[in-house]
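Asks: I am attaching a structure below and will ask some questions about it afterwards.
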Amino acid sequence: MDLCELKISDETRWQRHPWEQARLEVIVELLDSLGGDVTDPMNVLDLGCGDLFVARQLTDFFPQARFFCVDIAFEPALKQKLQTQLQKEGLANRIRLYASLEELEADARVPNQMDRVLMLDVLEHIEDEIGYLRFVNTFAFITSATRFVITVPAWHWLYSRHDAFLRHFRRYTTQKLEKRVTRGGLRPLESGYFFSTLLLPRLAQWGWEKLAAPTRRVRGIGAHQGHPSVDGVVRDTLIVDFRISRVLRQIGVRLPGLSCYALCRQQAS
Numbered sequence: 002m003d004l005c006e007l008k009i010s011d012e013t014r015w016q017r018h019p020w021e022q023a024r025l026e027v028i029v030e031l032l033d034s035l036g037g038d039v040t041d042p043m044n045v046l047d048l049g050c051g052d053l054f055v056a057r058q059l060t061d062f063f064p065q066a067r068f069f070c071v072d073i074a075f076e077p078a079l080k081q082k083l084q085t086q087l088q089k090e091g092l093a094n095r096i097r098l099y100a101s102l103e104e105l106e107a108d109a110r111v112p113n114q115m116d117r118v119l120m121l122d123v124l125e126h127i128e129d130e131i132g133y134l135r136f137v138n139t140f141a142f143i144t145s146a147t148r149f150v151i152t153v154p155a156w157h158w159l160y161s162r163h164d165a166f167l168r169h170f171r172r173y174t175t176q177k178l179e180k181r182v183t184r185g186g187l188r189p190l191e192s193g194y195f196f197s198t199l200l201l202p203r204l205a206q207w208g209w210e211k212l213a214a215p216t217r218r219v220r221g222i223g224a225h226q227g228h229p230s231v232d233g234v235v236r237d238t239l240i241v242d243f244r245i246s247r248v249l250r251q252i253g254v255r256l257p258g259l260s261c262y263a264l265c266r267q268q269a270s
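So this is what it looks like as structure tokens:
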């Protein structure tokens, strides 16, 4: 969850949006597809980590992984609050928090190499995402063995007040994403769309916002108060959606979706 959405949520009542839950499974499967065993030691850099939902959950899926989480929104008070929570959960040694890559680089505990870099719905927040990718590539812990998992919202014609609320600069197609990451010094290994079943509902929402509710207050997923059984059905449907789309892509059928992803590595020097 973006930290701007966390601020509007009631932490005693909110439930994780099924989109977040389903995207977590997408990330797990994409990480699995990059090779290695789930029990292997792994250093993961989570850029724009938000409220740590993904990192926390991934500690269960990858029991030997360590997570280095960076978010420019980590003000001292928030950072301390999250660190206290991690200590209570027994995760303080597996999840470390930083407000910048420079702060991370200065930490003597940082490994020589990050095995994976997560940039989950991050690039759309950065005005010059190409420059940012080049900047990330300058750090010594990003090597030829590092693999990137990148997700972004799809289709700029769906840009809405919700995107503006989240401070998005743009939405992407897979072709646009591949071009941008290539210019940023990465080489795409695979790309595709996911959550095709959300396209029509989002289109309807977009139309309603434009025509019938232009001044309605925007509410992010931090305000979600769902029903566990309904949310479970939505989550499972989205997971199946991703798996079907990925299988079809392997035989040359590319379905559009509400989000897109790219798996990348550094370009050869």
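For what it's worth, the working numbering labels the leading residue of the sequence shown as 2, then goes sequentially. Here a beta-carbon is modelled for each residue, glycine too, at the ideal position from N, C-alpha and C. Here the structure is a predicted model, which is why all the values come from computation and not from measurement.
Please tell me whether, using a cut-off of 7 Å, the distance from the CB of Ile131 to the nearest non-hydrogen atom of the ligand COA is below it.
Replies: Judged by which ligands are present, the structure shown has none, so any question about the ligand COA falls away.
Asks: Run the CB neighbour count on Ile96, radius 10 Å, all protein chains shown included, and call it buried at 16 or more, exposed below.
Replies: buried
Asks: Go ahead and label Thr13 buried or exposed: buried means 16 or more other beta carbons lie within 10 angstroms of its beta carbon, across all protein chains shown.
Replies: Per-residue confidence for Thr13 stands at a pLDDT of 39, beneath the threshold of 50, marking its modelled position as unreliable; no derived number is given.
Asks: At what residues does the beta strand (DSSP E) containing Tyr173 begin and finish?
Replies: From DSSP, Tyr173 is part of no beta strand (DSSP E); its letter is neither H nor E.
Asks: Buried or exposed for Asp47, please, with buried defined as at least 16 other CB atoms from any protein chain shown within 10 angstroms of its CB.
Replies: buried
Asks: Which runs of the alpha helix (DSSP H) fall wholly inside the region 51 to 84 and span at least 4 residues, in chain order?
Replies: 54 to 62
Asks: By DSSP, does Ile96 sit in helix, in strand, or in coil?
Replies: strand
Asks: Give me the Cβ distance between Val55 and Leu25, rounded to the nearest whole Å; I'm assuming they're in contact under 8 Å.
Replies: 6 Å
Asks: Exposed or buried, Asp33, counting other C-beta atoms within 10 Å across all chains shown (16 or more means buried)?
Replies: exposed
Asks: Kindly indicate which three-state DSSP category Val252 falls into: helix, strand or coil?
Replies: In the sequence on display, residue 252 carries Ile and not Val. Coil, per DSSP.
Asks: Are the beta-carbon atoms belonging to Val150 and Arg184 less than 8 Å from one another?
Replies: no
Asks: Would you please state the rounded distance, in angstroms, between the beta carbons of Val39 and Phe62? I believe it to be under 8 Å.
Replies: 6 Å
Asks: Rank Ala165, Asn138, Gln58 by C-alpha distance to the C-alpha of Glu21 and give the top, closest one.
Replies: Gln58
Asks: Spatial neighbours of Phe75 within its chain, please: CB distance less than 8 Å, with the 5 preceding and 5 following residues excluded, ordered by chain position.
Replies: The beta carbon of Phe75 sits closer than 8 Å to those of Leu83, Leu98, Tyr99, Ala100, all from its chain and outside the five residues before and after it, given in chain order.
Asks: With a cut-off of 8 Å on the beta carbons, I'd call Ser192 and Asp242 a contact; round off their distance for me.
Replies: About 17 Å separates the two Cβ atoms, so there is no contact after all.
Asks: For Leu201, is the classification buried or exposed, using 16 other Cβ atoms within 10 angstroms of its Cβ as the cut-off for buried?
Replies: exposed
Asks: At what residues does the alpha helix (DSSP H) containing Phe136 begin and finish?
Replies: From DSSP, the alpha helix (DSSP H) with Phe136 extends over 130 to 137.
Asks: Looking only at C-alpha atoms, which of Asp108, Leu35, Asp129, Cys261 sits nearest to Thr147?
Replies: Leu35
Asks: Please classify Val254: is it buried, with 16 or more other beta-carbons within 10 angstroms of its beta-carbon, or exposed?
Replies: exposed
Asks: Tell me which same chain residues have a C-beta within less than 7 Å of the C-beta of Leu249, skipping the five on either side of it?
Replies: Leu256
Asks: Under DSSP, the beta strand (DSSP E) around Val29 begins and ends at which residues?
Replies: Unbroken run through Val29 is the alpha helix (DSSP H), 19 to 34; no beta strand (DSSP E).
Asks: Rounded to whole angstroms, what is the Cα-Cα separation between Cys70 and Cys265?
Replies: 19 Å
Asks: If you run the structure through DSSP and keep just helix, strand and coil, what is Ile127?
Replies: Of the three classes helix, strand and coil, the one that applies to Ile127 here is coil, per DSSP.
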